[in-house]
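Per the numbering used here, the sequence shown runs over residues 155 to 395.
Backbone N, C-alpha and C define an ideal beta-carbon position, used for all residues, glycine too.
Keep in mind that this is a model prediction, so the values were computed, not measured.
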Amino acid sequence: MPRMLDAAADAGLRGVGFADHCNVAEREGLQREKREYGINLDRTYPLRREAIESLREQYDLRIFDAVELDYDPRDEGDIASFLDEADFDYAVGSVHRVAGTNVQRSAPFADQSERERRAFVDDYYERLADLVESELFAVAAHVDLPERTPELRGYTTADHHELVADAFRGSRTVPELNAGRVLRDYGEYHPASDFRAALRERGVAFVAGSDSHEPDEIRNRKRALEDHFAEREAEPVQLFD
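And the structure:
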(Lines of atoms letter the chains of each structure in order from A and count residues from 1; the text may use other names and numbers.)
(Lines give C-alpha, C1' and ligand atoms only; values in the text may rest on other atoms or scores of the structure.)
Protein backbone atom coordinates (compact mmCIF):
# COMPACT_ATOMS: atom_id res chain seq x y z
CA MET A 1 0.00 0.00 0.00
CA PRO A 2 2.76 2.56 0.66
CA ARG A 3 3.98 2.20 -2.93
CA MET A 4 0.49 2.83 -4.27
CA LEU A 5 0.11 5.84 -2.01
CA ASP A 6 3.47 7.25 -3.05
CA ALA A 7 2.46 6.91 -6.70
CA ALA A 8 -0.93 8.48 -6.05
CA ALA A 9 0.64 11.45 -4.30
CA ASP A 10 3.16 11.89 -7.11
CA ALA A 11 0.29 11.83 -9.64
CA GLY A 12 -1.51 14.61 -7.80
CA LEU A 13 -4.41 12.61 -6.46
CA ARG A 14 -6.17 13.80 -3.33
CA GLY A 15 -7.50 10.40 -2.31
CA VAL A 16 -7.08 6.67 -2.87
CA GLY A 17 -9.54 3.83 -2.42
CA PHE A 18 -8.16 0.37 -1.70
CA ALA A 19 -10.80 -2.02 -3.02
CA ASP A 20 -9.22 -5.45 -2.78
CA HIS A 21 -11.24 -8.21 -4.38
CA CYS A 22 -12.99 -11.02 -2.54
CA ASN A 23 -16.12 -13.14 -2.43
CA VAL A 24 -18.22 -14.56 0.38
CA ALA A 25 -19.56 -17.66 -1.39
CA GLU A 26 -19.28 -21.02 0.32
CA ARG A 27 -19.11 -23.01 -2.92
CA GLU A 28 -16.05 -25.23 -3.03
CA GLY A 29 -14.54 -23.91 -6.25
CA LEU A 30 -14.51 -20.36 -4.94
CA GLN A 31 -13.28 -21.48 -1.54
CA ARG A 32 -10.38 -23.27 -3.22
CA GLU A 33 -9.51 -20.15 -5.21
CA LYS A 34 -9.52 -18.11 -2.01
CA ARG A 35 -6.99 -20.49 -0.51
CA GLU A 36 -4.78 -20.78 -3.59
CA TYR A 37 -4.76 -17.12 -4.68
CA GLY A 38 -5.29 -15.34 -1.39
CA ILE A 39 -8.50 -13.59 -2.48
CA ASN A 40 -9.65 -13.41 1.11
CA LEU A 41 -10.25 -9.82 2.20
CA ASP A 42 -13.48 -11.02 3.81
CA ARG A 43 -11.23 -12.65 6.43
CA THR A 44 -8.31 -10.24 6.55
CA TYR A 45 -9.99 -6.83 6.32
CA PRO A 46 -9.47 -6.04 10.04
CA LEU A 47 -5.70 -6.28 9.55
CA ARG A 48 -5.81 -4.16 6.41
CA ARG A 49 -7.96 -1.63 8.25
CA GLU A 50 -5.30 -1.29 10.93
CA ALA A 51 -2.74 -0.63 8.20
CA ILE A 52 -4.97 1.99 6.57
CA GLU A 53 -5.46 3.77 9.87
CA SER A 54 -1.70 3.87 10.36
CA LEU A 55 -1.06 5.09 6.81
CA ARG A 56 -3.61 7.88 7.18
CA GLU A 57 -1.27 9.40 9.74
CA GLN A 58 1.66 9.28 7.32
CA TYR A 59 0.14 10.63 4.08
CA ASP A 60 -1.61 13.84 3.13
CA LEU A 61 -4.20 11.82 1.21
CA ARG A 62 -7.71 10.64 1.95
CA ILE A 63 -7.41 6.86 2.13
CA PHE A 64 -10.64 4.91 1.74
CA ASP A 65 -11.20 1.45 3.14
CA ALA A 66 -13.15 -0.27 0.35
CA VAL A 67 -13.87 -3.67 -1.14
CA GLU A 68 -14.70 -5.23 -4.50
CA LEU A 69 -17.05 -8.17 -4.13
CA ASP A 70 -18.00 -10.88 -6.58
CA TYR A 71 -21.76 -10.81 -7.07
CA ASP A 72 -23.94 -13.85 -7.52
CA PRO A 73 -27.69 -13.69 -6.78
CA ARG A 74 -27.34 -16.81 -4.62
CA ASP A 75 -25.05 -14.89 -2.28
CA GLU A 76 -27.10 -11.72 -1.77
CA GLY A 77 -27.90 -12.49 1.86
CA ASP A 78 -24.29 -13.30 2.71
CA ILE A 79 -23.04 -10.23 0.86
CA ALA A 80 -25.46 -7.97 2.71
CA SER A 81 -24.48 -9.47 6.08
CA PHE A 82 -20.78 -9.11 5.34
CA LEU A 83 -21.09 -5.50 4.22
CA ASP A 84 -23.15 -4.65 7.30
CA GLU A 85 -20.56 -6.26 9.54
CA ALA A 86 -17.45 -4.87 7.85
CA ASP A 87 -18.79 -1.33 7.32
CA PHE A 88 -16.41 -0.35 4.52
CA ASP A 89 -16.26 3.22 3.28
CA TYR A 90 -17.75 1.96 0.02
CA ALA A 91 -18.29 -1.31 -1.83
CA VAL A 92 -17.77 -2.13 -5.49
CA GLY A 93 -19.73 -4.99 -7.03
CA SER A 94 -18.56 -7.01 -10.00
CA VAL A 95 -19.53 -10.02 -12.08
CA HIS A 96 -16.48 -12.11 -12.92
CA ARG A 97 -18.14 -15.52 -13.28
CA VAL A 98 -21.30 -16.91 -14.78
CA ALA A 99 -22.23 -20.52 -13.95
CA GLY A 100 -18.75 -20.96 -12.51
CA THR A 101 -16.93 -19.79 -15.65
CA ASN A 102 -14.56 -16.82 -15.45
CA VAL A 103 -15.53 -14.12 -17.94
CA GLN A 104 -11.91 -13.05 -18.44
CA ARG A 105 -10.47 -16.45 -19.34
CA SER A 106 -10.19 -17.25 -23.04
CA ALA A 107 -9.83 -21.01 -22.74
CA PRO A 108 -13.43 -21.88 -21.77
CA PHE A 109 -14.77 -20.15 -24.88
CA ALA A 110 -12.18 -21.17 -27.46
CA ASP A 111 -14.15 -24.16 -28.76
CA GLN A 112 -17.65 -22.83 -28.14
CA SER A 113 -20.10 -22.10 -30.92
CA GLU A 114 -21.38 -18.59 -31.55
CA ARG A 115 -24.69 -19.63 -30.03
CA GLU A 116 -22.99 -20.79 -26.83
CA ARG A 117 -20.96 -17.61 -26.56
CA ARG A 118 -24.02 -15.48 -27.18
CA ALA A 119 -25.94 -17.33 -24.47
CA PHE A 120 -23.08 -16.85 -22.02
CA VAL A 121 -22.96 -13.11 -22.69
CA ASP A 122 -26.75 -12.92 -22.29
CA ASP A 123 -26.40 -14.53 -18.88
CA TYR A 124 -23.61 -12.13 -17.93
CA TYR A 125 -25.75 -9.06 -18.56
CA GLU A 126 -28.74 -10.53 -16.76
CA ARG A 127 -26.47 -11.15 -13.79
CA LEU A 128 -25.12 -7.60 -14.02
CA ALA A 129 -28.64 -6.14 -14.03
CA ASP A 130 -29.38 -8.22 -10.92
CA LEU A 131 -26.27 -6.74 -9.28
CA VAL A 132 -27.43 -3.19 -9.96
CA GLU A 133 -30.97 -3.88 -8.79
CA SER A 134 -29.73 -5.51 -5.58
CA GLU A 135 -28.79 -2.05 -4.21
CA LEU A 136 -25.90 -3.66 -2.34
CA PHE A 137 -23.10 -1.61 -3.90
CA ALA A 138 -22.11 2.00 -4.40
CA VAL A 139 -20.31 1.20 -7.66
CA ALA A 140 -20.57 -1.47 -10.36
CA ALA A 141 -17.22 -2.37 -11.90
CA HIS A 142 -16.29 -2.75 -15.60
CA VAL A 143 -19.87 -3.18 -16.75
CA ASP A 144 -19.11 -4.70 -20.16
CA LEU A 145 -16.42 -7.11 -19.02
CA PRO A 146 -17.01 -9.65 -21.84
CA GLU A 147 -15.55 -7.09 -24.26
CA ARG A 148 -12.21 -7.59 -22.51
CA THR A 149 -12.10 -11.23 -23.64
CA PRO A 150 -11.32 -11.64 -27.36
CA GLU A 151 -13.54 -14.71 -27.76
CA LEU A 152 -16.54 -12.83 -26.32
CA ARG A 153 -15.90 -9.45 -27.90
CA GLY A 154 -18.69 -8.27 -30.16
CA TYR A 155 -21.44 -10.33 -28.56
CA THR A 156 -22.66 -7.42 -26.44
CA THR A 157 -25.77 -5.94 -28.06
CA ALA A 158 -27.94 -2.84 -27.82
CA ASP A 159 -30.48 -4.96 -25.93
CA HIS A 160 -27.84 -5.68 -23.29
CA HIS A 161 -27.06 -1.98 -23.04
CA GLU A 162 -30.72 -1.12 -22.55
CA LEU A 163 -31.28 -3.86 -19.97
CA VAL A 164 -28.43 -2.67 -17.77
CA ALA A 165 -28.94 1.04 -18.39
CA ASP A 166 -32.58 0.73 -17.31
CA ALA A 167 -31.43 -0.97 -14.11
CA PHE A 168 -28.94 1.82 -13.38
CA ARG A 169 -31.56 4.51 -13.98
CA GLY A 170 -33.51 3.37 -10.94
CA SER A 171 -30.60 2.42 -8.67
CA ARG A 172 -28.29 4.07 -6.18
CA THR A 173 -25.45 2.06 -7.75
CA VAL A 174 -23.38 3.95 -10.32
CA PRO A 175 -21.18 2.50 -13.06
CA GLU A 176 -17.50 3.26 -13.20
CA LEU A 177 -15.68 4.54 -16.23
CA ASN A 178 -12.96 1.94 -15.96
CA ALA A 179 -9.53 2.74 -17.42
CA GLY A 180 -8.08 -0.69 -16.73
CA ARG A 181 -7.61 -1.61 -20.39
CA VAL A 182 -7.72 1.71 -22.23
CA LEU A 183 -3.91 1.90 -22.42
CA ARG A 184 -3.45 -1.82 -23.03
CA ASP A 185 -4.33 -4.30 -25.77
CA TYR A 186 -8.10 -3.74 -25.63
CA GLY A 187 -7.64 0.00 -26.00
CA GLU A 188 -11.11 1.01 -24.77
CA TYR A 189 -12.79 2.11 -21.59
CA HIS A 190 -15.36 0.01 -19.85
CA PRO A 191 -18.10 0.57 -20.80
CA ALA A 192 -17.54 1.11 -24.52
CA SER A 193 -18.81 4.27 -26.20
CA ASP A 194 -22.17 2.94 -27.42
CA PHE A 195 -22.93 1.54 -23.97
CA ARG A 196 -21.95 4.87 -22.40
CA ALA A 197 -24.38 6.60 -24.76
CA ALA A 198 -27.25 4.38 -23.60
CA LEU A 199 -26.42 5.17 -19.99
CA ARG A 200 -26.16 8.91 -20.61
CA GLU A 201 -29.54 8.89 -22.38
CA ARG A 202 -31.03 7.73 -19.09
CA GLY A 203 -29.22 10.36 -17.04
CA VAL A 204 -26.71 7.91 -15.59
CA ALA A 205 -23.31 9.41 -14.68
CA PHE A 206 -20.02 7.65 -14.02
CA VAL A 207 -17.49 7.43 -11.24
CA ALA A 208 -13.88 7.45 -12.44
CA GLY A 209 -12.04 4.17 -11.86
CA SER A 210 -8.38 3.65 -12.66
CA ASP A 211 -8.48 -0.09 -11.82
CA SER A 212 -4.79 0.25 -10.98
CA HIS A 213 -3.08 -2.83 -9.59
CA GLU A 214 0.49 -1.49 -9.76
CA PRO A 215 1.93 1.92 -8.78
CA ASP A 216 3.21 2.72 -12.26
CA GLU A 217 -0.31 2.44 -13.70
CA ILE A 218 -1.79 5.28 -11.68
CA ARG A 219 -0.43 8.42 -13.34
CA ASN A 220 -1.26 7.58 -16.95
CA ARG A 221 -4.69 6.19 -16.14
CA LYS A 222 -5.50 9.28 -14.08
CA ARG A 223 -4.51 11.47 -17.02
CA ALA A 224 -6.58 9.39 -19.45
CA LEU A 225 -9.65 9.68 -17.24
CA GLU A 226 -9.20 13.41 -16.76
CA ASP A 227 -8.87 13.90 -20.52
CA HIS A 228 -11.96 11.81 -21.19
CA PHE A 229 -14.18 13.84 -18.88
CA ALA A 230 -12.68 17.17 -19.95
CA GLU A 231 -13.27 16.45 -23.64
CA ARG A 232 -16.96 15.90 -22.87
CA GLU A 233 -17.24 18.81 -20.44
CA ALA A 234 -18.46 16.34 -17.85
CA GLU A 235 -17.65 15.63 -14.24
CA PRO A 236 -17.36 12.20 -12.65
CA VAL A 237 -19.63 11.24 -9.78
CA GLN A 238 -18.07 12.01 -6.40
CA LEU A 239 -18.79 9.37 -3.77
CA PHE A 240 -17.54 11.67 -1.01
CA ASP A 241 -17.39 15.43 -0.44
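State the DSSP-derived secondary structure class of residue i, mapped to helix, strand or coil.
{"i": "residue 314", "result": "helix"}
{"i": "residue 297", "result": "coil"}
{"i": "residue 207", "result": "helix"}
{"i": "residue 374", "result": "helix"}
{"i": "residue 251", "result": "strand"}
{"i": "residue 269", "result": "helix"}
{"i": "residue 222", "result": "strand"}
{"i": "residue 116", "result": "Here the chain has residues from 155 to 395 only, and residue 116 is not among them."}
{"i": "residue 246", "result": "strand"}
{"i": "residue 286", "result": "helix"}
{"i": "residue 172", "result": "strand"}
{"i": "residue 231", "result": "helix"}
Count the other C-beta atoms from every protein chain shown that fall within 10 angstroms of the C-beta of residue i, then say buried if there are 16 or more, exposed otherwise.
{"i": "residue 189", "result": "exposed"}
{"i": "residue 256", "result": "exposed"}
{"i": "residue 347", "result": "exposed"}
{"i": "residue 290", "result": "buried"}
{"i": "residue 179", "result": "buried"}
{"i": "residue 183", "result": "exposed"}
{"i": "residue 303", "result": "buried"}
{"i": "residue 366", "result": "buried"}
{"i": "residue 271", "result": "buried"}
{"i": "residue 229", "result": "buried"}
Can you find the residues in the same chain that come closer than 8 Å, C-beta to C-beta, to residue i, ignoring five residues on each side of it along the sequence?
{"i": "residue 293", "result": "244, 245, 246, 247, 327, 328, 329, 330, 361, 363 and 393"}
By Cβ distance, which residues of its chain are closer than 6 Å to residue i, with the 5 residues on each side in sequence left out?
{"i": "residue 369", "result": "157, 158 and 161"}
{"i": "residue 296", "result": "332 and 344"}
{"i": "residue 321", "result": "283, 286 and 287"}
{"i": "residue 191", "result": "none"}
Whole-angstrom Cβ separation of residue i and residue j, contact assumed at under 8 Å?
{"i": "residue 298", "j": "residue 349", "result": "5 Å"}
{"i": "residue 219", "j": "residue 242", "result": "6 Å"}
Please work out which residues of its chain come closer than 7 Å, Cβ to Cβ, to residue i, disregarding the five sequence neighbours upstream and downstream, and give them in chain order.
{"i": "residue 155", "result": "172, 205 and 209"}
{"i": "residue 312", "result": "none"}
{"i": "residue 352", "result": "315, 316 and 319"}
{"i": "residue 194", "result": "176 and 188"}
**Study point:** Every unbroken beta strand (DSSP E) within the stretch 327–354, with a cutoff of 3 residues, ordered by chain
**Key:** 328–332
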